[in-house]
Amino acid sequence: MAQYIVMLGPPGVGKGTQAKILAEKTGLVHVSSGDLFRENIKNQTELGLLAQSYMNKGELVPDDVTIGMVRERVSRADCKVGAILDGFPRTPVQADALKTMLAEFGADVDVVPFVTATEQVLVDRLSGRWTCRAEGHAYHEKHNPPKQPGVCDIDGSELYQRDDDKAETVKRRIQVYFEQTSPLIEYYKNAGKLIEIDGSQQIDQVSEALLAAVQK
Ligand code: AP5
Ligand code: MG
Numbered sequence: 005m006a007q008y009i010v011m012l013g014p015p016g017v018g019k020g021t022q023a024k025i026l027a028e029k030t031g032l033v034h035v036s037s038g039d040l041f042r043e044n045i046k047n048q049t050e051l052g053l054l055a056q057s058y059m060n061k062g063e064l065v066p067d068d069v070t071i072g073m074v075r076e077r078v079s080r081a082d083c084k085v086g087a088i089l090d091g092f093p094r095t096p097v098q099a100d101a102l103k104t105m106l107a108e109f110g111a112d113v114d115v116v117p118f119v120t121a122t123e124q125v126l127v128d129r130l131s132g133r134w135t136c137r138a139e140g141h142a143y144h145e146k147h148n149p150p151k152q153p154g155v156c157d158i159d160g161s162e163l164y165q166r167d168d169d170k171a172e173t174v175k176r177r178i179q180v181y182f183e184q185t186s187p188l189i190e191y192y193k194n195a196g197k198l199i200e201i202d203g204s205q206q207i208d209q210v211s212e213a214l215l216a217a218v219q220k
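Residue numbering for the sequence shown is 5 to 220, as defined by our numbering.
Next comes the structure, spelled out in structure tokens:
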């Protein structure tokens, strides 16, 4: 049976970090809308240029553009057995679109781990984050440092600080999360799919709780 997991939670809580670990443990593909946008920005595509103008301000990219991009990715063969969606959906319109696209292959969202932490923790994690150019692996200068400063342990590529991790953009991203994405908590709670996970624990403790939640 295919399994589709939606990672829900505020910016910086560790969705990307945990989705990558869970992908290795389950063999499911990690689909991150933020990584897809950053890939388009790197390749200077039309979609990338459009997305960048929103991302740099900490605003959401419009629903139609985002839904089209994710639909294309989720339709590929490697997602037929399921996927771990990270950063999508982020609005009720996107959640409805996801339901419709999965229904086309006779599937649905199975479980929604909702990862939580206080705003202070989020700001601390984002301000110390270093991200790998090649695959988006995330490090933290205090909590999860790479073995060699500035170099990804996994693929050897350069680490950089994301433009949207500047203090004022982080503030706006968190505000946008509360205004536009937090309604999804009720949305998936009402659907009986939400499982809350304490994201303020250490990385391996969060991974353990997450694995238990998706295996239920
Ligand atoms: P996106 O890339 O999705 O960013 P985000 O949601 O703001 O989340 P982050 O990637 O910042 O955080 P994360 O939860 O993945 O944390 P991470 O694992 O890196 O989106 C970027 C932008 O793209 C949006 O603002 C928007 O403009 C656009 N966009 C994307 N999707 C969209 C959509 N669906 N609709 C519209 N627009 C969209 O961890 C953070 C740091 O903490 C790292 O340094 C990590 O090492 C560290 N860390 C992680 N876990 C722990 C732990 N347990 N303890 C200590 N440190 C930890
Ligand atoms: Mg992320």
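Every residue gets a Cβ at the ideal spot worked out from N, C-alpha and C, and that includes glycine.
Quick caveat, the model's predicted, so the values are computed rather than measured.
| Item | Value |
| --- | --- |
| Nearest residue (CA-CA) to Leu106, options Lys29, Tyr192, Gln7 | Gln7 |
| Beta-carbon proximity list for Ala121, same chain, < 6 angstroms, skipping 5 on both sides | Val17, Gly203, Ser204 |
| Lys103: CB within 6 angstroms of a non-hydrogen atom of ligand 1 | no |
| Delimiting residues of the alpha helix (DSSP H) encompassing Pro150 | No alpha helix (DSSP H) contains Pro150, which DSSP labels as neither H nor E. |
| Buried versus exposed, by CB contacts within 10 Å (16 or more), Pro117 | buried |
| Opening and closing residue of the beta strand (DSSP E) in which Glu63 lies | Taken as a continuous stretch (DSSP letters only), Glu63 belongs to no beta strand (DSSP E), as it is neither H nor E. |
| Runs of alpha helix (DSSP H) lying entirely within the stretch 25-95, each at least 4 residues, in chain order | 37-46, 50-59, 67-78 |
| Assumed close pair Pro15, Tyr181 - CB separation to whole angstroms, cut-off 8 angstroms | 6 angstroms |
| At least 3 beta-carbon pairs within less than 8 angstroms: the stretch 68-80 vs the stretch 22-41 | yes |
| Reference Asp154, options His147, Phe109, Ala99, Tyr164, closest by Cα | In the sequence on display, residue 154 carries Gly and not Asp. Among His147, Phe109, Ala99, Tyr164, the Cα nearest to that of Gly154 is on Tyr164. |
| Run of the alpha helix (DSSP H) containing Thr135, from where it starts to where it stops | Here Thr135 belongs to no alpha helix (DSSP H); instead the beta strand (DSSP E) covers 133-136. |
| Validate contact between the stretch 84-95 and the stretch 165-176 using beta carbons, cut 8 angstroms, 3 pairs | no |
| Backbone CA spacing between Asp112 and Ile9 [nearest angstrom] | 9 angstroms |
| Ala99 versus Val218 - alpha carbon distance | 19 angstroms |
| Separation of Glu183 from Leu64, as counted between CA atoms | 11 angstroms |
| Close beta carbons around Leu51, own chain, < 6 angstroms, minus the five adjacent residues each side | Asn44 |
| Alpha-carbon to alpha-carbon, Pro93 and Ala27 | 18 angstroms |
| Local Cβ density within 10 Å of Lys19, reported as buried at 16 or more and exposed below that | buried |
| Near ligand 2: Lys24 beta-carbon under 6 angstroms from a heavy atom | no |
| Selected residue, minimal CA-CA separation from Ala138, among Asn60, Gly31, Lys46, Ile25 | Lys46 |
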